[in-house]
Amino acid sequence: MIHAPGSLGSLKSLVSFFFGFGASLMNSPLLTVEDLVMHFPVRGGVLRRQVATVHAVDGIDMTLAAGQTLGLVGESGCGKTTVGRCIVGLYKPTLGRVRFDGQAIANASAGDLNKIRRNLQMIFQDPFESLNPRHTVGQILREPFEIHRIGTPADRAARVEALMERVGMDPGAVDRFPHEFSGGQRQRIGIARAIALNPRLIVCDEPVSALDVSIQSQILNLLVGLQQEMGLAYLFIAHDLAVVKHVSDLIAVMYLGKIVEQAPAETLYRNPLHPYTVALISAIPEADPDRRRNRILIGGDVPSPLRPPPGCRFHTRCPIAIERCRVEEPLLEPRAGSSLDHRVACHRAGELRLPKAG
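Under the numbering used here, the first residue of the sequence shown is numbered 506, with each subsequent residue one higher.
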């Protein structure tokens, strides 16, 4: 090819532009949540008028890349499950944006949302309530293929057997009903249903909290193995930092509808900056009985989401709160001396230290 004078540089610039554009698409987040707000009206009286508002989620941001696990941690009632349900489209957010693979969830039509859900699935907390008690396991696992019109009846039957084997279940049990299985087995069935369509992201809503401790590790190992095998991304919701310690790449800590700290998992456990995070980590039991850590106890109760306190929402229980905490809401941002991917919303970040185990 003969280039006109001066055109080679332009061609290089054009090639660089397209390659750079392609790279940026490859590196773009799989999931983006921007300023997510979810309020629920409380109605009362004869006319059922709105008398109050539950501030379940009050403006959070997060991103998740393909193949990563983001652990979302906090006490019961802090809004974790609501975030997960907004992401999969079960709730329509009051404000904010949820984008999966560049496509908006909240404004998607029923047809578009159905297509999105082939790549976006959810594992629910209660493995009994989330499975239809009137359907056999075979019917439950065939349903995703029937909804999306995938395969012939014979193909679907073969896929169901393969799914059962993939999650460590006996394929011969497909004609049994959910009540005939243990809690751990039911959760394996829920996981099989979630991975049936080879999704890219699974929202795991406290998938082990309803299980015995001896079964929890088996389910966690199963999820980790499936992630490595299928390249899955997880939003892993839990109330226990110990559960997500070994499965998360990133961790976000929620308190009363807001994220108070977010960091890579190793960084968060090694150097927590928010007093709430420090208290949660101090409560994690030590595996070595000779190494004990003094717990940091948090007094009082979680304020009502009907009337969140002004300023920092944690100030009513924080052991180092000052007057500024009561009137000025802190921003979630990097603190001096910490990396850019370690963000915390606290006016006194890092001043409460994690007790040393000894």
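All residues carry an ideal CB built from backbone N, CA and C; glycine is no exception.
In terms of alpha-carbon separation, which member of the options lies closest to residue i?
i              : options                           : result
alanine 715    : Ser635, Met669 and Asn776         : Ser635
glutamate 670  : Arg698, Leu837 and Tyr781         : Arg698
aspartate 540  : Leu618, Pro790, Asp563 and Leu773 : Asp563
isoleucine 786 : Leu859, Glu666 and Gln733         : Leu859
tyrosine 774   : Arg647, Ile827, Ile789 and Val603 : Ile789
alanine 841    : Glu856, Glu834, Cys830 and Ile827 : Glu856
leucine 761    : Ser809, Ser533, Glu648 and Ile707 : Ser809
proline 638    : Glu580, Ser581, Ile827 and Pro683 : Pro683
valine 578     : Ile825, Gln732 and Lys750         : Lys750
proline 534    : Asp606, Arg812, Phe686 and Thr772 : Asp606
glutamate 791  : Phe650, Glu711, Lys861 and Phe819 : Lys861
Where DSSP assigns a beta bridge to residue i, which residues make up the other side?
i              : result
histidine 544  : His560
glutamate 838  : Val849
isoleucine 764 : Met759
isoleucine 789 : Its beta-bridge partners do not exist; DSSP assigns none.
valine 538     : Met567 and Val603
cysteine 823   : DSSP output for cysteine 823 lists no bridge partner at all.
aspartate 710  : Ile742
I'd like the span of the alpha helix (DSSP H) that includes residue i, first residue to last.
i             : result
leucine 728   : 718-735
glutamine 644 : 642-652
Provide the residue span of the beta strand (DSSP E) that contains residue i, from first to last.
i                 : result
isoleucine 700    : Note, isoleucine 700: premise wrong, no beta strand (DSSP E); alpha helix (DSSP H) at 688-700.
phenylalanine 741 : 738-743
Should residue i be labelled buried (16 or more other beta-carbon atoms within 10 Å of its own) or exposed?
i             : result
leucine 595   : exposed
lysine 763    : buried
serine 844    : exposed
proline 780   : buried
serine 719    : exposed
glycine 549   : exposed
leucine 575   : buried
leucine 519   : For leucine 519, the pLDDT reaches just 38, beneath the cut-off of 50, and the residue's location in the model is therefore unreliable, although a value from the coordinates is still provided. When all chains shown are included, leucine 519 counts as exposed.
threonine 587 : buried
valine 748    : buried
leucine 513   : Its pLDDT being 36, under 50, leucine 513 is placed unreliably by the model, and the measurement read from it follows with that caveat. Leucine 513 comes out exposed.
Requested in this report: Would you check if the segment 643-653 and the segment 723-740 touch, i.e. whether three or more CB-CB distances between them fall below 8 Å?
Outcome: no
Query - At least three beta-carbon pairs within less than 8 Å, the segment 560-579 to the segment 611-618 - result: no
Query - Cβ contact check for the segment 568-582 and the segment 736-747: 3 or more pairs under 8 Å - result: yes
Query raised in the report: Does the pairing of the segment 653-662 with the segment 741-756 give three or more beta-carbon distances under 8 Å?
Result: no
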